[in-house]
Structures are given as C-alpha cells and as structure tokens.
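Let me begin by presenting the structure, written as structure tokens, before commenting on it.
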Amino acid sequence: MFFFVTLFYQNNLFLALPFYCKFYMNQLQVTVNQVFNNNFNQKPIIIRSPGRVNLIGEHTDYNGGFVLPAATDKAAFLAIYPSNLKTGKWISVDMKESVEIDFTDLKPQINHHWANYILGIIQQYENRGLKVPPFNCVLAGDIPIGSGMSSSAALESAVGYALNELYNFGIDKKSLAKLVQQAENEFIGVKCGIMDMFASIHGKENNVMLLNCETLDFEYFPLNLGDYKIVLFDTGIKHNLVESEYNLRRFQCEEGLSFFRKHFGESVQNLSQVPLSWLQSSRSQLDPIVYHRCQYVIEENQRILAACEDLQAGRLNDFGIKMTATHEGLRNLYEVSCPELDFLVDTVWHEKSVLGSRMMGGGFGGCTINLIKSQAIDELYARLSISYENKTGINLKMYSVVTANGTETVMTA
Ligand code: GLA
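Counted the way the working numbering counts, the sequence shown spans residues 56 to 468.
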C-alpha cells in the first residue's frame with residue numbers, strides 16, 4: 056500500500072500497479088504460475104474458481120427448489136495455455152502428480168482421478184460440437200477436499216470457464232453451469248444437482264444468492280450478519296455411503312413426484328411445487344419413507360423462502376432457528392446426517408453465541424455451517440475441539456468463511 060500511495064503521488068500509476076497486484080496476489084496464483092513457467096516456458100492464463108457454502112436449502116436443488124449459497128475465498132487455481140503438440144501435460148500441485156494426455160485418444164484416467172474432472176468438461180464441449188485443442192495446465196487449491204465445500208465443482212468450473220475463454224466458445228454463465236453439472240453427472244457419475252457449480256460460477260463478494268433451481272433465475276442479497284460470522288466445523292470424515300445414499304434420495308423423491316403427477320396432474324414439474332396439503336392427504340397411499348423424504352423437501356423449500364425474508368429484514372435469530380430446523384429435517388426425515396455431524400450441531404446450537412447450526416451439503420460427513428458471534432468463536436472452538444476429539448478421536452478443523460466473487464480470470468497471458 057505504501058508503494059502504491061507513494062508512486063501514485065508521483066503520478067506514475069503504471070509503476071505502482073504491479074507492486075500493488077503482486078503484494079495482494081494469492082499465493083496459489085503465484086504457485087500455479089511458477090510451476091507452469093518452469094514446465095512449459097509459456098505465459099498461461101490463470102483462472103480462480105471458488106468453493107461454496109450454502110446457508111439454507113439442502114437437497115432442494117435436484118427437486119427444482121431454492122438454495123441460498125455463496126462463493127468462498129477458498130478456491131481452485133488453474134494456469135492453462137494451448138499446447139503446440141498433439142498431447143497436453145496436466146499437473147496437480149496438491150496431488151504431486153502429472154499426467155500426459157493424448158488428445159487423439161481421450162479416455163478416463165484410472166490412476167489420476169483428478170484428471171477426470173478435466174476430461175469430463177472436454178467431453179461436454181465436444182458433445183456440443185466444440186472441438187477442444189490440446190492444452191497444458193497446472194492446478195492447485197485450498198478448498199478442503201471432502202469438506203462439502205465443493206472442491207470438484209470449483210475445479211470443473213475453472214476448466215469449463217478457461218476453455219470458453221481460450222477458445223472463444225461463446226458459452227454464457229448459466230449454460231456453463233449446466234455443462235459442468237452434466238460433466239459431473241455423466242463422466243464422474245455423481246448425480247448432483249446444479250447448486251455447487253452455479254454458486255462457484257456466479258458468486259459475488261459479500262452476497263448470497265437465492266437461486267431457483269428449476270428456472271435458474273437468481274437474485275443476490277447482501278449478507279449483513281452484523282456481529283456474527285459464518286463458521287464451518289469439519290467432521291474430518293466422509294462416509295462411503297454418500298454417493299449411493301445420495302442417488303437413493305433422488306430416486307425416492309422421483310417416486311414421490313410420479314405419485315403426485317399421477318394423482319394431482321401432470322403439470323407438476325417437481326417436488327418443490329407440491330403443496331403440503333397434497334402430501335398430507337396422501338399419507339396412507341405413500342410408502343412411509345417416501346412420505347418423509349417428500350415432507351422434508353416441501354417443508355425445506357418453504358423454510359428457505361421465509362429464511363430469506365428474515366435475512367433481508369435483519370431477523371438473524373429467526374434465520375438461525377430455521378437453519379437448525381433444517382438440520383432436524385435432514386436428520387429425522389431425510390436421514391442424511393451422521394453421528395459426527397449430529398454431535399457438532401447438538402453441542403453448539405443452544406449456545407448463546409450461536410444463532411443456528413446445521414449440516415451442510417450432501418451429508419454423511421463434511422462440515423456443519425454455523426452462525427456464531429465473532430468474539431465467541433475462538434473460545435467455542437477450543438471447547439468443541441476437546442469434546443469432539445474425546446468423542447471421535449478426530450482433530451476438529453474450523454474454517455471461518457469469507458464470501459468472494461465467482462469464477463474469473465485473474466491473469467491473462
Ligand atoms: C451435494 C450436491 C448438491 C446438492 C447438495 C445437497 O453438495 O452436489 O447438488 O444436492 O449435495 O443440497
């Protein structure tokens with residue numbers, strides 16, 4: 056800042072800016088740039104693509120409902136540039152691995168799973184008739200893997216965004232989010248909804264977005280939390296149930312939807328459009344498990360809209376109560392929580408300094424998201440780490456969330 060001010064006063068803004076940028080350049084950006092230069096002797100473009108948190112609205116995205124996510128300062132960085140060969144070399148700094156890709160014979164990488172996230176995006180472009188020429192790239196990131204902050208969506212969004220920029224494919228941001236979701240669904244085989252990539256691509260610093268996952272219409276809301284902060288507690292586990300149970304929940308919701316379409320009319324497009332009264336009047340005809348899944352989704356979708364009004368009106372207490380109600384629904388009706396998540400929520404939600412607490416993301420591990428009074432965070436974390444370690448033997452990690460802009464170019468070649 057000192058350099059900037061001094062040189063600005065000397066009327067030499069051109070000299071000042073590089074100092075200013077370098078001073079504030081993210082370390083990961085420096086790393087991917089250096090590794091790229093060392094390996095390819097070329098100047099890459101660099102893309103930053105954030106992870107996400109979701110304040111409320113869980114398991115609603117693939118049911119055509121609402122979600123309320125924000126992009127975070129934890130992000131994936133990608134340095135990338137076309138290669139002059141028929142092959143491309145891809146390097147993952149975090150995995151300490153590199154892989155040579157033959158662009159005349161693109162196939163899944165069994166030993167380098169991370170490379171499949173890139174291949175999935177190439178496949179989607181090519182399915183749209185957009186040929187992707189060979190390229191070299193370097194990746195690094197600080198989104199904790201398995202924490203439920205969507206590190207894979209961030210990486211896929213970075214690659215999708217970069218190829219669109221490098222080869223002028225002319226894909227708009229909403230279509231890019233759909234393309235990334237399709238890559239994850241078809242190449243990786245995870246039947247996720249659109250929330251993660253949409254939030255990563257469309258994030259806006261200091262804002263959350265209310266996204267209608269059926270229409271993809273969305274609105275930003277300034278995140279005014281006053282004295283409170285968003286804090287994540289990381290269970291440090293990912294139960295291997297996560298994918299099979301996720302797909303099973305989707306299936307059960309589809310079963311519920313086809314029941315309502317059959318009995319109440321084909322015009323219902325998704326479960327989020329079903330009124331609670333239809334559900335209640337159908338209790339005896341629905342499988343009890345399907346009934347509970349539908350109940351959770353319908354209630355959650357109503358809760359998120361009410362929670363959004365609370366947030367706008369500054370009723371933070373009410374917002375927090377709804378977050379905790381979401382956890383109860385996810386635990387008892389949707390059954391995607393686990394003992395570690397429940398322990399973290401149960402231990403903190405009644406604390407005076409905590410507005411709300413719930414599991415975040417797909418479930419069966421990952422993080423809880425909490426709204427905690429700033430001054431109380433360190434003391435609460437210290438206490439919680441001890442009790443969590445006593446209970447599980449796991450060292451509890453905490454991330455204080457700062458919102459950030461969505462996927463963007465941070466350095467041009
Ligand atoms: C995962 C999926 C999202 C969403 C959440 C649950 O994070 O990737 O699409 O379904 O679970 O809300």
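The beta carbon of each residue, even a glycine, is placed where N, CA and C say it ideally should be.
Going by C-alpha distance, which of E241, H257, G196 and L278 is nearest L29?
Given that the chain is displayed from residue 56 to residue 468, the structure contains no residue 29 and the question cannot be resolved.
What are the boundary residues of the beta strand (DSSP E) that G375 is part of?
Premise fails: G375 lies in the alpha helix (DSSP H), L371 to N387, not in any beta strand (DSSP E).
Whole-angstrom Cβ separation of N191 and S104, contact assumed at under 8 Å?
Between S104 and N191 the Cβ distance is about 18 Å, and since that is not below 8 Å, they are no contact.
Please go through the region 96 to 136 and give each complete beta strand (DSSP E) segment of 3 or more residues, from N-terminal end onward.
100 to 109
Give the single residue among A131, L366, G418 and N92 whose Cα lies nearest to the Cα of S299.
G418
Tell me which residue opens and which closes the alpha helix (DSSP H) that M174 is part of.
Note that residue 174 corresponds to Leu in the displayed sequence, not to Met. First-last of the alpha helix (DSSP H) with L174: H168 to N182.
For the ligand GLA, I want to know if T458 counts as a neighbour, meaning its beta carbon is within less than 8 Å of at least one of the ligand's heavy atoms.
no
Cβ of M250 within 8 Å of any heavy atom in the ligand GLA?
yes
Quick one: Cα of E395 to Cα of A217, how far?
38 Å
So within the region 388 to 460, which uninterrupted beta strand (DSSP E) runs reach at least 3 residues, ignoring any that extend past its ends?
409 to 414, 420 to 428 and 452 to 455
So what does DSSP say about C247, is it helix, strand or coil?
coil
From F319 to N261, what does the alpha carbon distance come to, in whole angstroms?
42 Å
How many Å lie between A362 and R370 at the Cα?
9 Å
Can you find at least 3 beta carbon pairs, one from the region 298 to 313 and one from the region 436 to 447, that sit closer than 8 Å?
no
So is R183 buried or exposed if we call it buried at 16+ other beta carbons inside 10 Å?
exposed
Measure the alpha-carbon distance for P189 versus Q367 and round it to whole angstroms.
47 Å
Keeping to the same chain, check which residues put their C-beta closer than 6 Å to that of Y454; ignore five residues upstream and five downstream.
L287
Out of Q328, N302, V409 and I359, state which residue places its alpha-carbon closest to the alpha-carbon of G472.
The question about residue 472 has no answer here: the residues shown for the chain are numbered 56 through 468.
Three-state secondary structure (DSSP) of T467
coil
Alpha carbon to alpha carbon, how far is N302 from V122?
19 Å
Closer than 8 Å: Y117 CB and nearest the ligand GLA heavy atom
yes
Pick from D197, K141, A131 and K186: whose alpha carbon is nearest that of Y172?
A131
Status (buried if at least 16 other CB within 10 Å, exposed otherwise) for A459
buried
Please confirm whether K144 and N94 have their CB atoms less than 9 Å apart.
yes
So, for L231: in the same chain, excluding its five sequence neighbours on each side, which residues have a beta-carbon less than 7 Å away from its beta-carbon?
G215, Y216, N219 and I256
CB I177 to CB L194, shorter than 9 Å?
no
Using C-beta distances below 6 Å, list every residue in its chain close to G416, excluding the 5 sequence neighbours before and after it, in chain order.
G203
In chain order, what residues of the same chain have a beta carbon less than 8 Å from the beta carbon of Y351, not counting five sequence neighbours either side?
H114, G384, L385, L388 and Y389
Quick one: what's got a C-beta closer than 7 Å to Q237's C-beta in the same chain, skipping five residues either side?
Q179
Just to check, is the beta-carbon of Y275 closer than 8 Å to a non-hydrogen atom of the ligand GLA?
no
Considering only residues of the same chain and omitting the five flanking positions on each side of D373, which have a CB-CB separation below 6 Å?
D365
Decide if K129 is buried, meaning its Cβ has at least 16 other Cβ atoms within 10 Å, or exposed.
buried
S408 and T379 closer than 9 Å at C-beta:
no
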